[in-house]
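Here's the structure we're looking at; comments come further down.
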């Protein structure tokens with residue numbers, strides 16, 4: 003497995019003694035294994051610096067996953083007794099150990115008792131560097147996930163939304179996505195009227211009515227890869243102030259997109275959007291970063307923030323999603339997924355002009 | 003907060019020095035706080051044995067959660083610097099520390115570096131004992147969650163299922179639940195024909211056809227509390243063998259239900275179902291435990307297994323779900339949620355006689 007080899011090179015280079023990997027996007031990225039629902043039972047891939055590895059997994063998964071060296075444990079066995087033997091066989095007794103970031107404390111507490119003198123580090127110190135740079139295959143899956151998001155946007159705006167609650171629309175979006183993709187990359191956000199002034203709004207029982215601006219923020223997961231799109235639509239005759247704001251956000255988003263190229267810093271993209279909005283007098287109302295990386299997770303490196311010095315490289319993928327939020331009035335956000343080539347390339351392409359329903 | 007007081011009594015009684023609680027069902031149970039989506043940012047309630055506590059939470063949640071002593075940190079701050087000060091103020095330097103079972107390793111790794119000489123224990127050693135015994139309020143919420151499951155069963159069997167895929171039906175069930183409840187307590191299982199021989203089947207593209215027995219296994223979450231029901235239905239003229247098996251499972255389930263009373267052991271309930279099935283010659287095809295506790299989580303104590311010596315008490319709630327699985331033929335499982343009073347009381351009540359569509 004190519005990625006595993008590369009991972010081992012980094013591991014040795016940075017002088018780690020081993021890695022303990024539970025299921026999640028890193029395990030999937032490195033090995034292709036994505037067992038469903040293993041929260042309660044120990045499922046652990048152990049790797050040492052010689053590149054030897056052993057999988058410990060519940061018997062339940064015997065037919066689902068495959069690994070060269072593996073031990074499947076049944077419910078009558080204690081997996082930590084097996085782990086103790088495996089640690090010995092791999093000569094993994096302590097030292098600098100990488101641990102999957104999302105491993106549950108209940109596993110880690112037990113594992114630590116079997117290790118002497120060790121210092122633990124999050125696995126992501128290596129995997130985030132690897133995962134940040136997408137290969138052609140990954141980019142084509144992300145493109146697919148983005149196309150599904152576009153499609154769902156056109157489908158949802160073809161429906162009559164007036165009188166439906168935010169919650170109901172969010173549910174409809176989720177089901178549209180789940181019919182076309184593996185699932186949602188996060189719970190859809192629908193924020194209407196004054197609710198749209200809160201970028202972290204949870205869909206409520208508030209019903210859509212004429213005059214509303216409605217923020218729709220959602221994404222699909224396709225073979226593990228995420229998309230994430232936001233469009234803001236107007237219902238009926240649009241408020242003049244929000245219409246003006248819409249144009250500012252649209253141009254800020256375009257300006258950030260145009261700034262993207264190999265070799266600039268992540269913060270330069272943030273600045274392009276932020277400067278545009280500040281010059282129009284709305285700087286205080288753009289209250290979050292311009293974007294975030296996405297891939298197997300919907301939030302990952304590179305973050306497009308005011309302080310991120312990360313140099314953009316070919317194959318990096320992230321969102322560009324400036325927004326303006328006016329308390330007691332509403333808000334506008336426009337978000338696309340972008341891949342870095344020589345310049346930037348948009349993966350999402352749904353209509354960016356103001357859609358009035 | 004009453005539960006918090008009781009928790010502190012247990013904590014002192016068992017001589018722990020403190021607890022570190024991240025969001026999840028324990029935090030909700032003890033404090034009522036259920037912040038949405040905090041995976042990436044440190045949200046931590048610290049408690050010492052004197053009963054003093056401090057909440058460290060992202061600024062984002064300032065208007066959503068309330069705690070007597072709290073520090074909200076902004077994205078420009080390092081939450082672990084704040085944590086260091088809070089640990090000192092609580093005089094929590096090490097010792098026997100309880101840690102929320104589901105805390106992410108990435109948090110725990112950082113927290114451990116700030117503690118000297120400590121031994122960590124899963125928080126659930128205390129909370130599972132507390133949560134196992136439901137009070138009246140909790141039981142009424144569980145009843146509500148169970149009623150929603152019943153309702154969804156009647157609605158889904160009123161639809162024409164022939165020609166639909168397992169995946170499609172699972173999606174429809176989920177949609178029905180989410181319109182009536184907070185959400186699903188787990189991803190619905192739909193297993194048809196030969197697929198029903200695998201109790202852990204994931205809904206596939208297989209389409210329902212006449213002659214199938216179809217296992218439907220799903221549950222709703224209502225104000226945090228879970229239901230979990232399984233019914234097996236027949237499509238068209240039922241296979242004679244499966245019809246016979248259906249009756250065995252139904253009687254085994256009834257027999258386990260009738261065995262429930264205060265003071266017996268969890269394993270006695272398992273035995274009632276297992277003995278009935280074994281006597282009919284299907285013992286080798288009943289390949290899982292008879293049930294599991296449920297409450298804020300869909301799998302919790304008390305587990306209804308062959309070995310669990312736990313004495314049943316008033317207020318405990320669990321599933322009774324025997325099944326028979328015949329490779330290359332199919333399977334039958336019937337599951338109800340049951341609360342312990344003097345005797346058992348079923349919370350789910352959907353039709354248990356074979357439904358033939």
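Protein chains in written order, with our numbering: chain R, 3 to 359; chain Y, 3 to 359.
From the three backbone atoms N, C-alpha and C, an ideal C-beta is built for every residue, glycine too.
Residue i - containing alpha helix (DSSP H), residue span
i: residue 50(Y); result: No alpha helix (DSSP H) holds residue 50(Y); the beta strand (DSSP E) holding it covers 46-50.
i: residue 152(R); result: 138-159
i: residue 220(R); result: Element bounds for residue 220(R): not the alpha helix (DSSP H) but the beta strand (DSSP E), 215-220.
i: residue 4(R); result: 4-15
i: residue 82(Y); result: 81-91
i: residue 188(R); result: That residue, residue 188(R), is in no alpha helix (DSSP H); it is neither H nor E in DSSP.
i: residue 327(R); result: Residue 327(R) -> not in any alpha helix (DSSP H); beta strand (DSSP E) instead, spanning 325-328.
i: residue 250(Y); result: 242-261
i: residue 107(Y); result: 107-114
i: residue 33(R); result: 27-33
Below-8 Å beta-carbon distance, residue i vs any chain Y residue
i: residue 110(R); result: yes
i: residue 101(R); result: yes
i: residue 173(R); result: yes
i: residue 122(R); result: yes
i: residue 105(R); result: yes
i: residue 12(R); result: no
i: residue 288(R); result: no
Neighbour-count burial assignment, residue i, 16 or more Cβ in a 10 Å radius
i: residue 160(Y); result: exposed
i: residue 261(R); result: buried
i: residue 255(R); result: buried
i: residue 162(R); result: exposed
i: residue 207(R); result: exposed
i: residue 358(Y); result: exposed
i: residue 273(Y); result: buried
i: residue 76(R); result: exposed
i: residue 197(R); result: buried
i: residue 119(Y); result: exposed
i: residue 324(R); result: buried
i: residue 309(R); result: exposed
i: residue 335(Y); result: buried
i: residue 294(R); result: buried
i: residue 139(R); result: exposed
i: residue 283(R); result: exposed
Residue i - containing beta strand (DSSP E), residue span
i: residue 307(Y); result: Segment: none, residue 307(Y) is in no beta strand (DSSP E) and carries neither H nor E.
i: residue 177(Y); result: No beta strand (DSSP E) contains residue 177(Y), which is instead part of the alpha helix (DSSP H) from 168-182.
i: residue 233(R); result: 231-236
i: residue 294(Y); result: 293-295
i: residue 366(Y); result: The requested residue 366(Y) is not part of the displayed model; chain Y covers only 3 to 359.
i: residue 341(R); result: 338-342
i: residue 21(Y); result: 20-23
i: residue 99(R); result: 97-101
i: residue 268(R); result: Looking at the DSSP string, residue 268(R) is not in any beta strand (DSSP E); the run it does join, the alpha helix (DSSP H), is 268-281.
i: residue 206(Y); result: Here residue 206(Y) belongs to no beta strand (DSSP E), and DSSP marks it neither H nor E.
i: residue 75(Y); result: 72-75
i: residue 195(R); result: That residue, residue 195(R), is in no beta strand (DSSP E); it is neither H nor E in DSSP.
Closer than 8 Å to chain R by CB, residue i
i: residue 203(Y); result: no
i: residue 180(Y); result: yes
i: residue 38(Y); result: yes
i: residue 177(Y); result: yes
Distance between beta carbons of residue j and residue i, contact taken as under 8 Å
i: residue 2(Y); j: residue 56(Y); result: Because residue 2(Y) is not part of the residues shown, which for chain Y are 3 to 359, the question remains open.
i: residue 235(R); j: residue 314(R); result: Contact doesn't hold; Cβ gap of about 31 Å is too wide.
i: residue 141(Y); j: residue 317(Y); result: 7 Å
i: residue 307(R); j: residue 268(R); result: 7 Å
i: residue 74(Y); j: residue 61(Y); result: 5 Å
i: residue 190(Y); j: residue 176(Y); result: 6 Å
i: residue 155(R); j: residue 106(R); result: Contact doesn't hold; Cβ gap of about 36 Å is too wide.
i: residue 229(Y); j: residue 150(Y); result: 7 Å
i: residue 303(R); j: residue 134(R); result: 5 Å
i: residue 63(R); j: residue 37(R); result: 5 Å
i: residue 298(Y); j: residue 227(Y); result: 6 Å
- Query: Between the region 41-56 of chain R and chain Y, which residues of the former have a C-beta closer than 7 Å to a C-beta of the latter?
  - Reply: For the region 41-56 of chain R, which is checked against every Cβ of chain Y, the residues closer than 7 Å are 42.
- Determine which residues of the region 291-303 of chain Y have a Cβ less than 7 Å from any Cβ of chain R, and write them out in chain order. So the close ones are 301.
- Could you please tell me which residues of the region 61-72 of chain Y, in chain order, have their CB closer than 7 Å to any CB of chain R? Residues passing the 7 Å Cβ filter: 62.
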